[in-house]
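The sequence shown begins at 1435 in this note's numbering and counts up one residue at a time.
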Amino acid sequence: MFEAELLGPASAGKDATWAFLVLPKSASDRLPRRGRTTVTGTLDGRAFQATLEPDGQLSHWLKVGEALRKAAGVQVGDKVTVTINPVAQEPEPALPSDLHDALAACPEARAVWDDTTTLARVDWIHWIESAKQAKTRQKRVDEACDKLGSGQRRVCCFDPSGFYSKGLSAPKAAESDT
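Next up, the structure:
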């Protein structure tokens, strides 16, 4: 169990209803991996299941949607009490449509994809989704199919924690009004 401040994102995009919190390193250290990790837990007593994102500092952050925030009766700026536990088995990640279409067009890549572990698929998808530009994302989808098609089961040279590449981080928090 730990306490954290519920933060508002500086740039929420179209959906300004979400908030987030950064896990203390001590809480993150108890998780099985530094990359994306699915947990169950409670936020001020309200149960949830979510995938934690790496913060680039060898810890994680949690996106708190409007429904959970309202159910827990908390708002941005509140200190919240959180419990987390890793799930017994990582759930199968949702296959992005561009990767789905690319794998459908390459049976050799699809066969290797289907034969990899769930965590390997999580990392492939995370690598693709962490691209900041559409051009880079498309290049990664193409590279994934090439690599999978040649038998490569794990994404190579991708730091899922963001610590070494600094490509991943928690959102920047909005300035507080206080």
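The C-beta atom is built at its ideal place from N, Cα and C for all residues, glycine as well.
Helix, strand or coil for residue i? Go by DSSP, reduced to three states.
i	result
Arg-1480	strand
Lys-1600	coil
Gly-1507	coil
Trp-1495	strand
Pro-1466	coil
Thr-1570	helix
Pro-1520	strand
Thr-1451	coil
Going by beta carbon distance, what residues of the same chain come within less than 6 Å of residue i, once the five residues before and after it are set aside?
i	result
Asp-1532	Val-1575
Ile-1518	Val-1473 and Gly-1475
Throw me the rounded Cβ distance for the residue i and residue j pair, which I believe falls under 8 Å.
i	j	result
Arg-1555	Pro-1527	6 Å
Leu-1465	Pro-1520	6 Å
Restricting to Cα atoms, I'd like to know which of the options is closest to residue i.
i	options	result
Pro-1443	Trp-1558, Gly-1499 and Gln-1523	Gly-1499
Arg-1480	Trp-1547, Arg-1467 and Val-1516	Val-1516
Ser-1584	Gln-1491, Lys-1504 and Ala-1543	Ala-1543
Pro-1488	Asp-1463, Ser-1445 and Gln-1572	Asp-1463
Which one or two residues does DSSP pair with residue i in a beta bridge?
i	result
Thr-1485	Thr-1472
Lys-1513	Glu-1439
Val-1456	Trp-1495
I'd like the list of long-range same chain contacts for residue i, defined as Cβ closer than 7 Å, with 5 residues on each side in sequence excluded.
i	result
Thr-1552	Glu-1524 and Glu-1526
Return the chain-ordered list of same chain residues with a C-beta closer than 8 Å to the C-beta of residue i, the five sequence neighbours on each side being excluded.
i	result
Val-1546	Leu-1582, Gly-1583, Gly-1585, Gln-1586 and Arg-1587
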